[in-house]
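Right, one structure below, let's go through it.
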């Protein structure tokens, strides 16, 4: 056949700007965030004050940092139920090493990083080796880490919390790096907000502009096709779990240097907050679709809801109900959008 | 004559205590189409798995360009120039067409941590290559799931040809397609042959095999039950072999008597 012999299907129209915008995964979350902001701003005058916004951003960043790793993992087709307690494990590792061996707290920080990455690698390795679902594998590691956190802490300290690290050499530097207050135009913003933004930018760069990003989408969207195309699916998934481990370490170091002691029973249930942020932000549970920016908006929604309820002087009892309803609405909306996108019917 | 692109000699594979494939010979030459036919359970999938590097054979020899080779991953097979296009898992539906086209072989610019996808070039090449195959895809940014089955197969074939595949293996490319779309895929197979590729076309439909095949290999219950060139082939002969010859005659006679 000749090369100029094009098959043009008169039934198919091109896609306009409006259509392109509405297949973006984060669009639903963005609309929800705007509505939420307007509602809280109308109800509570305190909500829109600069100091309140800084507090909201801080609350959002503590979920958002983890949501970056978790959203990438979900785009890669897996979940991590151990992400919440892994943060506590990481903080405990640093605190307990500092307590047991004494010396500079930075040894603890360093070993904690290694441990966090190793936990991630182990999750990923077990998953790809056993070919079990990530729900089962990380449920198991969730329980094991929960037990380890309590058991090792009691074994070494005799209590349920680690002693304060305030006196340890290197503490001041750690506090400057992981828990500093950064003044911006007279408003004090926690440094975690900047880490969060940096992680979102890096993750978005990886997803949209690098080979690895292509592999993440493919590994989640159609693992068999990805493997057949020469994508290292196993390595990609293990790498994603290691990414979650890194995020857990970063958040853990913030908590350690901000609060000085670590409660060994903390972190349980937080994994669901990260998943909510990712899913509300447009990540599909089944993988292959989503964005880090969406997850960031999801975390922002959480931050606004968490603090907005307080500023509006509503009962915080309703927060969880609200989060659940939000998750349901976002998921229904996202699945609807994604189905239309897959059929090319966004018009 | 040169060594064939690919030669299997006495290849076999067992899954547990089931013999999936036994003592199969196959030669693939440049610029020719070898059709592998067989009913369900004949061993086609196992043969595909062996050639695509998904699993190594338990017995026999696999030679590429006359050199005995052991393929242990699809990536290795790809590096040796063997591209496989699967019926249902050729593409990632939610990803844009151009990302699918370059999946696993992305073009990058820059160095080290700043190494990034060369998106403009990849879009342009995708559009050009597909147009060269007679497919105008309007917008290479749309999810590939929005294309028809025939178009998706065509993209997968165009991709294999573009990346310098010397051996193109097509797993039931026409099985789920309508008449027009099947014709489109068969045209691409001829096109690939004209470009000098060795094509392995796996199907269970003799009607799709006849117009393009140079050689036939008929599998039945994991064994070779027929291997002959085009001149000796007819749809009747192939159908009879695939259905187990005598059994089919028997069945037809019974049906006639009813």
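Residue numbers (this note's numbering), protein chains in the order written: chain A, 5 to 351; chain B, 3 to 260.
Glycine residues also receive a C-beta, built at the ideal position from the N, C-alpha and C atoms.
Distances from the CA of residue 282 (chain A) to each of A:71, A:208, A:53 were compared; the closest alpha carbon is that of A:71. When the beta-carbon positions are compared, residue 112 (chain B) and residue 79 (chain B) stay at least 8 Å from each other. Under the criterion of beta carbons closer than 8 Å, residue 130 (chain A) and residue 141 (chain A) qualify as touching, at roughly 5 Å.
Sixteen is the threshold: since fewer than 16 other Cβ atoms of the shown chains lie within 10 Å of the Cβ of residue 182 (chain B), the residue is exposed. In this structure the stretch 26-43 of chain A touches the stretch 300-307 of chain A; the number of beta carbon pairs closer than 8 Å is three or more. Selection A:329, A:58, A:80, A:260 evaluated against residue 177 (chain A) yields A:260 as nearest (Cα-Cα). In terms of Cβ geometry, residue 137 (chain B) and residue 153 (chain B) form a close pair [threshold 8 Å]. For residue 285 (chain A), not one C-beta of chain B is nearer than 8 Å to its own C-beta. Identification of chain A residues near residue 164 (chain B) by a Cβ-Cβ cut-off of 7 Å yields none; the smallest Cβ-Cβ distance measures about 13 Å. For the stretch 104-115 of chain B, the residues whose beta carbon sits under 8 Å from a beta carbon of chain A are, in order, 104, 105, 106, 107, 108, 110. Out of B:7, B:16, B:44, the CA that lies nearest to the CA of residue 219 (chain B) is found in B:44.
Interface criterion met: the Cβ of residue 235 (chain A) is under 8 Å from a Cβ in chain B. For residue 201 (chain B) against residue 156 (chain B), the beta-carbon gap comes to about 15 Å, at or over 8 Å, which does not count as contact. Among the bridge pairs identified by DSSP, residue 14 (chain B) is matched with B:61. DSSP places residue 183 (chain B) within a helical segment (H, G or I) once states are collapsed to three. Here residue 225 (chain B) is bridged, per DSSP, to B:222.
By the neighbour-count criterion, in which 16 or more other beta carbons inside 10 Å mark a residue as buried, residue 135 (chain A) falls on the exposed side.
DSSP places residue 48 (chain A) outside both helix and strand once states are collapsed to three, so it counts as coil. With respect to chain A, the C-beta atom of residue 117 (chain B) has a partner C-beta closer than 8 Å.
With its beta carbon less than 8 Å from one in chain A, residue 97 (chain B) belongs to the interface.
Distance from the Cα of residue 126 (chain A) is smallest, within the candidate group A:244, A:227, A:254, A:331, for A:244. Taking a Cβ-Cβ cut-off of 7 Å, the neighbours of residue 76 (chain B) in chain A comprise 231, 232, 234, given in sequence order. For residue 208 (chain B), no beta strand (DSSP E) segment is defined; the enclosing uninterrupted segment is the alpha helix (DSSP H) at 208-211. DSSP places residue 287 (chain A) outside both helix and strand once states are collapsed to three, so it counts as coil. As summarised for the stretch 260-286 of chain A, the continuous alpha helix (DSSP H) elements at least 4 residues long and confined to that stretch are 274-284, given in chain order.
Here residue 311 (chain A) is buried: its Cβ has 16 or more other Cβ atoms, across all protein chains shown, within 10 Å.
In the DSSP assignment, residue 68 (chain A) falls outside any beta strand (DSSP E) and lies within the alpha helix (DSSP H) extending over 54-79. Residues of chain B with a Cβ closer than 7 Å to the Cβ of residue 213 (chain A) are, in chain order, 118, 119.
Inter-residue distance for residue 192 (chain A) and residue 59 (chain A) is about 9 Å (C-alpha atoms, whole angstroms). From the beta-carbon of residue 293 (chain A), the residues of chain B found nearer than 8 Å are 96. With contacts defined as CB atoms closer than 8 Å, residue 24 (chain B) and residue 225 (chain B) qualify as a contacting pair. With a minimum length of 4 residues, the unbroken runs of alpha helix (DSSP H) contained wholly in the stretch 155-198 of chain A fall at 175-182. For residue 220 (chain A), the uninterrupted alpha helix (DSSP H) run begins and ends at 215-225, by DSSP. Annotated as distal: residue 252 (chain A) and residue 43 (chain A), with beta-carbon spacing of 8 Å or more. Nearest Cα to residue 318 (chain A) within the set A:38, A:37, A:48, A:40: A:48. The DSSP assignment places 169-173 as complete runs of the beta strand (DSSP E) inside the stretch 153-183 of chain B, in order along the chain (cut-off: 3 residues).
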